[in-house]
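Going by our numbering, the letters in the sequence shown line up with residues 32 to 481, in that order. Here the structure is laid out as structure tokens; the discussion comes afterwards.
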Amino acid sequence: MLSTVAFTSLGCDKNRVDSEVMLGILCKNNFRIVTEEAEADFIVINTCCFIKDALEESIETILEMAEYKKTGRCKGLIVTGCLGQRYQKEIFEEMPEVDAVIGTTAYESIAEVIKQILQGQKTIKCLTDINQAMTEQNATLRMLSTAGYYAYLKISEGCDNHCTYCVIPKMRGTHRSRSIESLFTEAEYLAKQGVKELLIVAQDTSIYGKDLYGESKLHILLEKLCRIEGIEWIRLLYCYPETLTEETIAIMAKESKICHYIDLPIQHANDAVLKRMGRKSTQSILREKITKLRKAMPDIAIRTTFIVGFPQETEQEFQDLMNFTQEMKFDKLGVFTYSQEEGTPAACMEQQVEEEVKEDRKNRIMELQKSISAQNCQKEVNTIKEVIVEGKLPQEDIYCGRTKKDAPDIDGLIFFSSEEELLSGDFVKVHIKEASDYDLIGEVKNEPSE
Numbered sequence: 032m033l034s035t036v037a038f039t040s041l042g043c044d045k046n047r048v049d050s051e052v053m054l055g056i057l058c059k060n061n062f063r064i065v066t067e068e069a070e071a072d073f074i075v076i077n078t079c080c081f082i083k084d085a086l087e088e089s090i091e092t093i094l095e096m097a098e099y100k101k102t103g104r105c106k107g108l109i110v111t112g113c114l115g116q117r118y119q120k121e122i123f124e125e126m127p128e129v130d131a132v133i134g135t136t137a138y139e140s141i142a143e144v145i146k147q148i149l150q151g152q153k154t155i156k157c158l159t160d161i162n163q164a165m166t167e168q169n170a171t172l173r174m175l176s177t178a179g180y181y182a183y184l185k186i187s188e189g190c191d192n193h194c195t196y197c198v199i200p201k202m203r204g205t206h207r208s209r210s211i212e213s214l215f216t217e218a219e220y221l222a223k224q225g226v227k228e229l230l231i232v233a234q235d236t237s238i239y240g241k242d243l244y245g246e247s248k249l250h251i252l253l254e255k256l257c258r259i260e261g262i263e264w265i266r267l268l269y270c271y272p273e274t275l276t277e278e279t280i281a282i283m284a285k286e287s288k289i290c291h292y293i294d295l296p297i298q299h300a301n302d303a304v305l306k307r308m309g310r311k312s313t314q315s316i317l318r319e320k321i322t323k324l325r326k327a328m329p330d331i332a333i334r335t336t337f338i339v340g341f342p343q344e345t346e347q348e349f350q351d352l353m354n355f356t357q358e359m360k361f362d363k364l365g366v367f368t369y370s371q372e373e374g375t376p377a378a379c380m381e382q383q384v385e386e387e388v389k390e391d392r393k394n395r396i397m398e399l400q401k402s403i404s405a406q407n408c409q410k411e412v413n414t415i416k417e418v419i420v421e422g423k424l425p426q427e428d429i430y431c432g433r434t435k436k437d438a439p440d441i442d443g444l445i446f447f448s449s450e451e452e453l454l455s456g457d458f459v460k461v462h463i464k465e466a467s468d469y470d471l472i473g474e475v476k477n478e479p480s481e
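Written as structure tokens, this is what we have:
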């Protein structure tokens with residue numbers, strides 16, 4: 032009888048890709064994947080500890096899964112990902128229920144580690160050099176955990192930016208790209224599995240290939256991916272504005288498969304705060320890059336994220352960010368309150384901002400963005416949009432989906448009626464009739480019969 036494995040993946044979509052590779056490796060090694068932890072011989076938690084909330088979620092999940100050693104059939108509890116990499120010693124000391132810890136670059140050893148547990152081994156540490164090159168041979172084993180019509184393509188690992196608030200380089204290492212050839216092969220494999228939308232991810236996508244080819248080759252990669260039959264949409268996430276090249280902007284404008292959408296996590300707009308953060312941008316650079324994007328693609332949707340309450344952030348510096356937001360009118364915006372991360376330079380800075388001040392600033396900027404988003408959505412009324420169907424609502428003939436301006440899970444939705452039965456992953460034309468603060472409402476536009 033095959034051993035069963037249940038999987039929980041926490042954190043970002045880059046972590047999700049690692050989880051999907053692990054699932055594929057387990058299937059190849061004759062393990063059976065189950066969705067119910069109570070039925071699992073082994074439980075794997077792929078963890079995140081990027082900020083305090085993620086750390087707490089990871090710890091709570093491990094403790095919750097540990098209960099299945101008492102109430103279920105669990106023989107092995109395995110912690111992978113960032114928490115395992117960063118706190119492997121503490122995990123074994125404080126959570127003796129954990130049988131193995133696998134680091135961020137050792138996740139492809141998952142099957143071997145489970146076999147070691149089956150042989151009676153305990154407290155297994157499987158850690159490798161966090162700066163080792165990305166492996167490429169297991170990419171086409173991935174078992175997708177997303178809806179089958181979209182998938183994430185992780186083009187590089189690690190980060191060279193060393194922002195003062197961030198622990199990622201300590202857990203994920205320096206920036207290492209995969210080859211264009213291997214990524215093309217993986218994308219072709221995904222297309223054959225039915226994937227229609229590729230979401231390009233990394234810690235920093237805009238410098239893709241610099242380590243391998245001496246300069247960014249993101250534009251070359253994108254151009255090649257556009258040639259894959261079956262791929263209809265390609266979406267760019269996690270681009271740093273200061274390293275986003277003219278060539279990448281040009282290829283985005285030229286190729287119809289590339290969504291006029293970009294995620295630029297700029298974090299702040301005040302020069303003094305950006306400098307304390309260790310960011311390489313200035314407000315002038317941000318304005319210049321946003322202007323170039325909008326000039327090349329007037330219909331582009333720009334998503335960004337901010338950190339408020341960074342150490343020493345004054346009300347005037349925050350107001351500078353508010354003014355910038357009001358002027359730029361971003362299509363999508365997420366806001367985090369600063370998280371004081373152990374082992375980072377920012378954690379040791381004087382004049383840490385109080386939590387209530389952070390929350391107040393977050394609420395103020397999100398209230399501003401709410402009005403901007405409502406205005407942007409209102410402009411879409413009476414337009415026709417291409418929409419990918421996400422699913423059907425309980426109400427009769429009502430579906431939800433996304434436009435090219437919306438990434439899955441993080442952006443708004445479009446709700447629409449259709450007299451014809453639709454399937455998830457179908458593309459339809461929708462006439463926008465109404466708009467809310469973040470979502471759109473419409474109906475399928477029936478094509479005239481010939």
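Heads up, the beta-carbon is just placed ideally off N, CA and C, and yes, glycines get one too.
Setting aside the 5 residues that flank it on each side, Met-353 is surrounded in the same chain by Arg-395, Ile-396 and Leu-399, each with a C-beta closer than 8 Å to its C-beta; the list follows chain order.
Following the DSSP letters along the chain, one finds Tyr-244 in no beta strand (DSSP E) but inside the alpha helix (DSSP H) bounded by residues 241-244. In its chain, beyond the 5 residues on either side, Val-36, Gly-107 and Ile-145 have a beta carbon closer than 6 Å to the beta carbon of Phe-73. Ile-155 and Gln-163 do not touch by the CB rule: their CB atoms are close to 19 Å apart, not below 8 Å. As summarised for the region 77-116, the continuous alpha helix (DSSP H) elements at least 4 residues long and confined to that stretch are 83-97 and 99-102, given in chain order. When DSSP states are grouped into helix, strand and coil, Cys-431 belongs to the strand group.
Annotation for Cys-58: Ile-64 and Met-174 place their beta carbon closer than 7 Å to its own, counting only its chain and skipping 5 residues before and after. Under the three-state reduction of DSSP, Asp-294 is assigned to strand.
Annotated three-state conformation of Glu-188 is strand, per DSSP.
In this structure, the alpha-carbon of Lys-227 lies about 43 Å from that of Lys-101. Under the rule that a run must span 3 or more residues, the beta strand (DSSP E) segments found entirely inside the region 128-186 read 131-133, 155-157 and 181-185.
Partner residues in the beta bridge of Ser-448, as assigned by DSSP, are Ile-429 and Glu-474. Excluding the 5 residues flanking it on each side, Val-129 has same chain C-beta neighbours closer than 6 Å at Leu-108, Val-110 and Ile-122, in chain order.
With a cutoff of 7 Å on beta-carbon distance, Cys-80 and Cys-43 are scored as not near each other.
Membership of Ala-37 in the beta strand (DSSP E) is indicated by the continuous run 35-40. The criterion of a C-beta distance shorter than 7 Å is satisfied by Val-232 and Tyr-183. The beta carbon of Lys-323 sits closer than 8 Å to those of Glu-277 and Ile-280, all from its chain and outside the five residues before and after it, given in chain order. Taking Glu-385 as reference, the option from Gly-365, Gln-343, Ile-441 and Thr-136 with the minimal CA-CA separation is Gln-343.
Below 8 Å, too few C-beta pairs join the region 319-335 and the region 299-308 to call them touching: fewer than three. Boundaries cannot be given for Ile-262, as no alpha helix (DSSP H) includes it and DSSP labels it neither H nor E. Excluding the 5 residues flanking it on each side, Ala-405 has same chain C-beta neighbours closer than 6 Å at Asp-468, in chain order.
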